[in-house]
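Position one of the sequence shown corresponds to residue 0 (numbering that gives the first Met the number 0), numbered consecutively onward.
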Amino acid sequence: MGYRHYFYKVNKKVVDEIKGLSYQDLCVYAKHHGVELYDDGGFYFNDDKFLNKIEIFEFGKLYWDNTAQRIYDSGVPLFANKETQKQFSDYVPYVVDKQGLLTAIQIYKENVIKVYKDMLVDGAEYRMAFGITVKKEDVKPIEKLREHIEDKLQWIEGWDRLVNTDETNPYSLINSWQYEHTIFNLVHLLKMIDWEKETILFYGW
């Protein structure tokens with residue numbers, strides 16, 4: 000399993016071409032499409048030429064909740080051939096299609112609601128390194144609200160960091176990692192993808 004998870008856009012016809020292949024046949028397919036093979040005949044799964052996939056969303060690290068599992072549950076393994084799928088166990092590539100994207104949107108919505116509800120009650124949890132959580136019971140809502148506003152101001156005042164104005168990247172509207180910002184990137188993708196011809200791969204690396 001990778002350190003960070005991503006959504007990649009890929010053509011459905013390409014998925015149909017490779018999903019039933021043995022690993023050996025897949026390597027032949029990859030080489031035929033310009034992917035450089037290792038000395039042992041294998042190849043790097045995340046080579047951009049393989050499947051002509053395009054990265055459209057980065058989730059970051061998903062160690063601390065069930066986000067990855069919920070998205071995996073919405074899809075199917077990329078390879079119907081179990082041995083081929085096993086060859087890429089470091090990535091765990093799944094085809095999640097529109098349902099995977101809708102699941103991600105729902106998860107982000109839930110996370111935004113959770114953040115705001117938490118600001119209304121005493122106590123706070125702080126996530127530290129290596130998934131360690133520290134609880135402080137004496138933190139008041141006004142303190143959490145102030146911290147939240149200060150965090151928001153950092154993003155808004157750093158406008159170039161918040162809004163993605165890179166015209167060469169049509170998939171990202173917002174650079175922020177905050178759920179209430181990045182959910183708009185996910186909704187944007189929902190409306191951009193041609194679901195008749197394209198689908199989404201979900202995997203980590």
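Virtual Cβ for every residue (Gly too), placed ideally from N, Cα, C.
All of these numbers come straight from a predicted model, not from anything done at the bench.
With 16 as the cutoff for other CB atoms within 10 Å, does residue i come out buried or exposed?
i, result
"Ala29", "buried"
"Ser73", "buried"
"Asn184", "buried"
"Leu200", "buried"
"Met0", "Its pLDDT being 46, under 50, Met0 is placed unreliably in this model, and the value from its coordinates should be taken loosely. Counting Cβ neighbours within 10 Å, Met0 comes out exposed, since fewer than 16 surround it."
"Thr181", "buried"
"Leu100", "buried"
"Lys275", "For the chain, the structure presents residues 0 to 204; residue 275 sits outside this window and is missing."
"Ser175", "buried"
"Asp96", "buried"
"Lys8", "buried"
"Lys52", "buried"
"Ile17", "buried"
"Ile155", "exposed"
With distance defined between alpha-carbon atoms, name the residue in the options nearest to residue i.
i, options, result
"Pro76", "Leu185, His187, Ser88", "Ser88"
"Leu144", "Val120, Lys135, Asp165", "Val120"
"Lys139", "Asp165, His31, Leu61, Asp117", "Asp117"
"Thr102", "Phe6, Val13, Gly203", "Phe6"
"Asp38", "His31, Cys26, Lys48, Asn45", "Cys26"
"Phe44", "Asp24, Tyr2, Lys18, Pro92", "Pro92"
"Gln177", "Gln23, Gly59, Asp24, Glu16", "Gly59"
"Tyr170", "Glu149, Ile70, Ile192, Lys196", "Ile192"
"Leu61", "Leu36, Tyr71, Gly157", "Tyr71"
"Gln68", "Glu35, His31, Ile106", "Ile106"
In angstroms, rounded to a whole number, what distance separates the CA positions of residue i and residue j?
i, j, result
"Asn10", "His4", "20 Å"
"Leu189", "Thr66", "18 Å"
"Leu50", "Val162", "30 Å"
"Glu124", "Ile141", "15 Å"
"Asp47", "Ile173", "23 Å"
"Glu179", "Glu57", "15 Å"
"Lys108", "Gly41", "40 Å"
"Ile148", "Gln84", "45 Å"
"Trp194", "Ile104", "17 Å"
"Trp204", "Asp24", "23 Å"
"Lys151", "Glu166", "25 Å"
"Tyr22", "Gly33", "17 Å"
"Val111", "Phe78", "34 Å"
"Tyr2", "His187", "25 Å"
"Val14", "Glu146", "46 Å"
"Ile55", "Asp137", "41 Å"
"Gln98", "Gln153", "34 Å"
Write down the C-beta distance between residue i and residue j rounded to the nearest angstrom, noting that I regard them as a contact closer than 8 Å.
i, j, result
"Lys135", "Gly122", "7 Å"
"Tyr90", "Tyr202", "4 Å"
"Thr198", "Val94", "6 Å"
What does DSSP give as the partner residues of residue i in its beta bridges?
i, result
"Asn163", "Asn163 pairs with nothing; no bridge assigned."
"Gly59", "His4"
"Ile173", "Val162"
"Asn10", "Glu197"
"Lys135", "Ala123"
"Ile53", "Lys8"
"Val94", "Val75, Leu200"
"Leu152", "Paired residues: none, contrary to the question."
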